[in-house]
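Asks:
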Amino acid sequence: MKIVIDSNRVIAALLKDSTTRSILYDKKFDFVAPSYIFSEIKKYKEDIAKRIGMSDNDFGTLLKLVFDNITIIPEAKYSKIIKELNKEISDFKDLSYLAVAVLTEAKGIWTHDLHFKEQSKIKIFTNIDLLRFINKED
Numbered sequence: 178m179k180i181v182i183d184s185n186r187v188i189a190a191l192l193k194d195s196t197t198r199s200i201l202y203d204k205k206f207d208f209v210a211p212s213y214i215f216s217e218i219k220k221y222k223e224d225i226a227k228r229i230g231m232s233d234n235d236f237g238t239l240l241k242l243v244f245d246n247i248t249i250i251p252e253a254k255y256s257k258i259i260k261e262l263n264k265e266i267s268d269f270k271d272l273s274y275l276a277v278a279v280l281t282e283a284k285g286i287w288t289h290d291l292h293f294k295e296q297s298k299i300k301i302f303t304n305i306d307l308l309r310f311i312n313k314e315d
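Just add 177 to wherever you are in the sequence shown, counting from 1, and you've got this note's numbering.
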C-alpha cells in the first residue's frame, strides 16, 4: 500500500527504535515523500543527533537506513499540483506532502500533524491506523 510519510514520522523513527520505526520497515507499505522532506530533516539534524547521542557519521548511517525505505519524489514532479491544492490546508509546508499523495495516488498520508485533518482529499493515517492494517493482514 502506497503511503506518503510526513517528516514528523521520519523524525520519530530517527529518535528511537519504536513502533514508528517498525512500521517504516514493514514491507506491506511503499512509503513516498516529497524532496522537501530533506530540508525539514536538515533543519533538525543537529538537535536529533544530540538527543540520541550519535556522532555525525553514525547519524548519517541511521538517516540512510531510514531513507532506504522511502521513495523521494522530486519537486519538479509535484510543484504544479501544489498550486491547485493551495486552499486545501493552512500550513503551506504540508502542501508538498498533499501534492505527492495526489500525484502518486497514495492511499493516504502517515502523520501526526493535525493540519492535515483540515483537508478531505486524502486519508490521514496515524501509527494506530497502520498497526491495525498490519495486524489485519497477518
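All C-beta atoms in this analysis are idealised placements derived from N, C-alpha and C, irrespective of residue type, glycine included.
The model shown is predicted, which means the values in this text are computed figures rather than measured ones.
Measure the Cβ-Cβ separation of I206 and I180 and say whether it is below 8 Å.
Replies: Checking the sequence, you will find Phe at residue 206 rather than Ile. A contact, by the Cβ cut-off of 8 Å.
Asks: Over what stretch of residues does the alpha helix (DSSP H) that includes K193 continue unbroken?
Replies: Here K193 belongs to no alpha helix (DSSP H), and DSSP marks it neither H nor E.
Asks: So, S212 versus I249, is the Cβ gap smaller than 8 Å?
Replies: Contact: yes.
Asks: Can you give the Cα-Cα distance for K142 and E217, rounded to whole angstroms?
Replies: No answer is possible for residue 142: it lies beyond the span of the chain, which begins at 178 and ends at 315.
Asks: Candidates F215, K220, F208, L240: which alpha carbon is nearest K193's?
Replies: Nearest option by C-alpha distance: L240.
Asks: At which residues does the alpha helix (DSSP H) containing F244 begin and terminate?
Replies: That run of the alpha helix (DSSP H) goes 233-244.
Asks: Drop a sphere of 10 angstroms on the beta-carbon of I229, count the other beta-carbons inside from all chains shown, and report buried for 16 or more, exposed for fewer.
Replies: Looking at its Cβ environment, which holds fewer than 16 other Cβ atoms inside 10 Å, I229 is exposed.
Asks: Since I249 is in the beta strand (DSSP E), which residue starts that stretch and which ends it?
Replies: Unbroken beta strand (DSSP E) run through I249: 247-250.
Asks: Output yes or no for whether 8 Å exceeds the beta carbon distance between I286 and I301.
Replies: Taking 8 Å as the Cβ cut-off, I286 and I301 qualify as a contacting pair.
Asks: State the CB to CB distance for the pair V277 and A210, rounded to an integer number of angstroms; the pair is presumed to be in contact (CB under 8 Å).
Replies: 7 Å between Cβ atoms; contact.
Asks: On the DSSP letters alone, give me the boundaries of the alpha helix (DSSP H) that K179 sits inside.
Replies: Segment 179-182 is the beta strand (DSSP E) holding K179; no alpha helix (DSSP H) there.
Asks: Please list, in chain order, all residues of the same chain as Y221 whose beta carbon is under 7 Å from its beta carbon, the five residues on each side excluded.
Replies: Excluding positions up to five away in sequence, the list reads I188.
Asks: Within 10 angstroms of its Cβ, does R309 collect 16 or more other Cβ (buried), or is it exposed?
Replies: Per the 10 Å Cβ criterion, exposed.
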